[in-house]
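Participant: To convert, take the position in the sequence shown, counting from 1, and add 20; that gives my numbering.
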Amino acid sequence: MNLQQLVRKNVWDMKPYSSARDEFKGEASVFLDANENPLNDKYNRYPDPLQWKLKEKIAHIKEIEPEKIFLGNGSDEPIDLVIRIFCEPRIDNIVAIDPTYGMYQVCADVNDVEYRKVLLNEDFDIDAQKIPERADDKTKLIFLCSPNNPTGNLLNRKETEKILNTFAGIVVIDEAYIDFAPETTWISELDKYPNLVVLQTFSKAWGLAAVRLGMAFASPEIIRLFNKVKYPYNVNILTQNFVNGELDKLELRKQWIATLIKGRDYLKNALAKLPFTEKIYPTDANFLLVKVGDANGIYKKLADRGVIVRNRNSVSLCAGCLRITVGTDEENKTLIGTLNSLDL
Ligand code: PMP
Numbered sequence: 021m022n023l024q025q026l027v028r029k030n031v032w033d034m035k036p037y038s039s040a041r042d043e044f045k046g047e048a049s050v051f052l053d054a055n056e057n058p059l060n061d062k063y064n065r066y067p068d069p070l071q072w073k074l075k076e077k078i079a080h081i082k083e084i085e086p087e088k089i090f091l092g093n094g095s096d097e098p099i100d101l102v103i104r105i106f107c108e109p110r111i112d113n114i115v116a117i118d119p120t121y122g123m124y125q126v127c128a129d130v131n132d133v134e135y136r137k138v139l140l141n142e143d144f145d146i147d148a149q150k151i152p153e154r155a156d157d158k159t160k161l162i163f164l165c166s167p168n169n170p171t172g173n174l175l176n177r178k179e180t181e182k183i184l185n186t187f188a189g190i191v192v193i194d195e196a197y198i199d200f201a202p203e204t205t206w207i208s209e210l211d212k213y214p215n216l217v218v219l220q221t222f223s224k225a226w227g228l229a230a231v232r233l234g235m236a237f238a239s240p241e242i243i244r245l246f247n248k249v250k251y252p253y254n255v256n257i258l259t260q261n262f263v264n265g266e267l268d269k270l271e272l273r274k275q276w277i278a279t280l281i282k283g284r285d286y287l288k289n290a291l292a293k294l295p296f297t298e299k300i301y302p303t304d305a306n307f308l309l310v311k312v313g314d315a316n317g318i319y320k321k322l323a324d325r326g327v328i329v330r331n332r333n334s335v336s337l338c339a340g341c342l343r344i345t346v347g348t349d350e351e352n353k354t355l356i357g358t359l360n361s362l363d364l
């Protein structure tokens, strides 16, 4: 892989914004270099643009060097940035699995980059042959999502490896739901695949969706490109400090994951007993995709009773399906009780 050939020329050539904190990083007694207000201690200073303290802690947990980490405003930020770094609007294209997380296409559309979908097979898995068939010399990115949203399953690892080995562009693997899955992360393969970008988030297993912190893991060369194009202070100090504290609660987070997996099993069993359940797809995430036939009708009846699930009826390969997030024990029971009470 030749990184320079893959990156948009304007991005490769540009000089990134240099903030006051980039230009002076040491200790000093008087800071008069950033036009900050000196009167509101704690919140008056710009935060570390590269969030090193937080990255060092994440690096320790993920067993990776901090230089291979990018932090953003949710993982939606690196999804947008990776397109802006690599794809020339109206010239380059992206290949992605279908169905999958909707933001890849939204970001491609915003950036005016062609988005090519490759339908998954009936097991919602990939066929490594079909993906490169849709790619051409203008394909810069392949988006994979494992476990995938809305289908819930991990993608076949061997097929994914084939893509990583044969595709000359960047392969993005979105692992937003990896903590609920039995398989290990692709982060450990970064040294083997210089064209790999792995996305993770604090929004799911860490229970911090409101705090907005997402991660991209890649080679230091690719991470430097992310840093070049991002807003200078893309992660605010409240988020940096708060997540720093949350990272000390690893044990609690493991308990949450175990609780949610138990809840997932409960839902799986209870949903299987309902007369209108046609299929419960295998899941490695904190949600279940369930084929119920009349998804629109059941969705509406549930919503009328104050129980909201996601209607995926109009998504490719998901006709008749609802996507149900695992809730608390009480929420799961309410859902099942409500479904049982529907006169269908
Ligand atoms: N990737 C996938 C597969 C998701 O399902 C989501 C959120 N639903 C995200 C990324 C975005 O997560 P974040 O909150 O980190 O922006």
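For every residue, glycine included, the Cβ atom is placed at its ideal position computed from N, Cα and C.
All values derive from a computational prediction rather than experimental measurement.
#1: Cβ-heavy atom distance between CYS338 and the ligand PMP below 8 Å?
#2: Check whether the Cβ atoms of LEU91 and LEU233 lie closer than 9 Å to each other.
#3: Is the region 52-64 touching the region 280-290, taking contact as three or more C-beta pairs under 8 Å?
#4: In the DSSP output, which residue or residues are listed as bridge partners for ASN215?
#5: Cβ atoms of ARG343 and VAL310: under 9 Å apart, would you say?
#6: Helix, strand or coil for THR259? Go by DSSP, reduced to three states.
#7: Judging by CA-CA distance, which residue of ASN360, ARG244, THR354 is the nearest neighbour of LYS293?
#8: Any heavy atom of the ligand PMP inside 8 Å of the beta-carbon of ILE99?
#9: Using a Cβ-Cβ cut-off of 7 Å (strictly less than) and excluding sequence neighbours within five positions of ASN256, which residues of its own chain qualify?
#10: At a cut-off of 8 Å, is THR221 close to the ligand PMP when judged by its beta-carbon and the heavy atoms of the ligand?
#11: Does DSSP classify CYS338 as helix, strand or coil?
#12: Take the Cβ of VAL204 as the centre, count every other Cβ of all protein chains shown within 10 Å, and call the residue buried at 16 or more, exposed below.
#13: Can you give the Cα-Cα distance for ASN131 and LYS224, rounded to whole angstroms?
#14: According to DSSP, simplified to helix, strand and coil, what is ASN185?
#15: Quick check on this structure: which residue in ARG28, ILE84, GLN25 has the alpha carbon closest to the alpha carbon of LEU210?
Facilitator: According to the structure data:
#1: On the sequence shown, residue 338 is found 318 positions in, with the first residue counted as 1. No, the ligand PMP has no heavy atom inside 8 Å of this Cβ.
#2: Counting from one through the sequence shown, the residue named residue 91 turns up at place 71. Counting from one through the sequence shown, the residue named residue 233 turns up at place 213. A contact, by the Cβ cut-off of 9 Å.
#3: no
#4: As a first step, residue 215 is located in the sequence shown; it is residue number 195 there, counting from the start. The partner list for ASN215 (beta bridge, DSSP) is empty, contrary to what the question assumes.
#5: If you number the sequence shown from 1, residue 310 lands on position 290. If you number the sequence shown from 1, residue 343 lands on position 323. Contact flag set, yes.
#6: For the purposes of this step, residue 259 is identified with residue 239 of the sequence shown, where counting begins at 1. Helix, per DSSP.
#7: Position 273 of the sequence shown, counted from the start, is the residue given in the question as residue 293. Minimum Cα distance to LYS293 is reached at ASN360.
#8: Looking up residue 99 in the sequence shown gives position 79. Residue side-chain check: ILE99 places its Cβ nearer than 8 Å to a non-hydrogen atom of the ligand PMP.
#9: Position 236 of the sequence shown, counted from the first residue, corresponds to residue 256. Cβ neighbours of ASN256 beyond the five flanking positions: PRO67.
#10: Against the sequence shown, residue 221 aligns to sequence position 201. Because some heavy atom of the ligand PMP lies under 8 Å away, the Cβ of THR221 counts as near it: yes.
#11: Along the sequence shown, read from residue 1 onward, the residue named residue 338 stands at position 318. The answer is coil: DSSP assigns CYS338 none of H, G, I, E or B.
#12: Reading the sequence shown from its first residue, position 184 is the one you call residue 204. For clarity, residue 204 is Thr in the given sequence; the question names Val instead. Flag for THR204 reads exposed.
#13: Translated into the one-based positions of the sequence shown, residue 131 becomes position 111. Translated into the one-based positions of the sequence shown, residue 224 becomes position 204. Roughly 27 Å between the two C-alpha positions.
#14: Residue mapping note: residue 185 aligns to position 165 of the sequence shown, counting from 1. If DSSP states are grouped into helix, strand and coil, ASN185 belongs with the helices.
#15: If you number the sequence shown from 1, residue 210 lands on position 190. Closest by alpha carbon: ILE84.
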